[in-house]
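*Asks:* Position 22, counted from 1, in the sequence shown is what the working numbering calls 22; the numbers after and before it change by one each time, with no gaps. For each residue, glycine too, the CB sits at the ideal point set by N, CA and C. Here the structure is a predicted model, which is why all the values come from computation and not from measurement.
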Amino acid sequence: MPFIHRQRQQGFTLIEIVAAFAILAIGLALSMSIASGALSQVRRGTDFTEAALNAKSKLDSIGAGTRLEEGTDGGEFDDGSRWELEVSAYEPELVSSGALSTPSPVDMYYLRLTVFWNEGRNERQATFSTLRTLTPDRGR
């Protein structure tokens, strides 16, 4: 009996196709995970930037047209985030120039503003602080 040579078919086997699809699925899953993490970081950065802008606006308005006094205050911004403010007198260290040390010609206040916002189930916060100088005779 003569031996018949069969020509081998060209193409991929079922196992090769399944392996290729598995590798493709793993690659897509990793890509989606990375993209999701990047979007989360962008959102977190946007929230912090918004908190910083709200804080700057609030700190700029403090003492404008009104007398600045020690104490605490709080409230809510238009976007729903909350703020808490602490105002305290600030006494700089006096530098002596040999004989006498001179007191500061201005009143100084330390302002500490904390902004709170919700990020999913978590409450985030950022604290901003500055010094404000006022001349004693003007009071603002």
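(1) Can you give me the start and stop residues for the beta strand (DSSP E) that Val87 sits inside?
(2) Could you pull out every unbroken beta strand (DSSP E) segment of at least 3 residues lying fully inside the segment 7-77, listed in chain order?
(3) So what's Arg140 in DSSP terms, helix, strand or just coil?
(4) Could you tell me the alpha carbon to alpha carbon distance between Ala25 and Ser81, rounded to whole angstroms?
(5) By DSSP, does Glu141 sit in helix, in strand, or in coil?
(6) Which residues bound the beta strand (DSSP E) around Asp107?
(7) Do the segment 83-91 and the segment 55-75 touch if we need at least three Cβ pairs shorter than 8 Å?
*Replies:* According to the data block:
(1) One-based indexing of the sequence shown puts residue 87 at position 87. That run of the beta strand (DSSP E) goes 82-90.
(2) 71-76
(3) Residue mapping note: residue 140 aligns to position 140 of the sequence shown, counting from 1. With a pLDDT of only 46 at Arg140, under 50, the local geometry of the prediction cannot be trusted, and the value read off the model is given with reservation. In this structure, Arg140 counts as coil in the three-state DSSP scheme.
(4) Against the sequence shown, residue 25 aligns to sequence position 25. Against the sequence shown, residue 81 aligns to sequence position 81. One C-alpha to the other measures close to 41 Å.
(5) Any question about residue 141 goes unanswered here, given that the chain covers just 1 to 140.
(6) Within the sequence shown, numbered from 1, the residue matching residue 107 stands at position 107. Looking at the DSSP string, the run of the beta strand (DSSP E) that includes Asp107 is 107-119.
(7) yes
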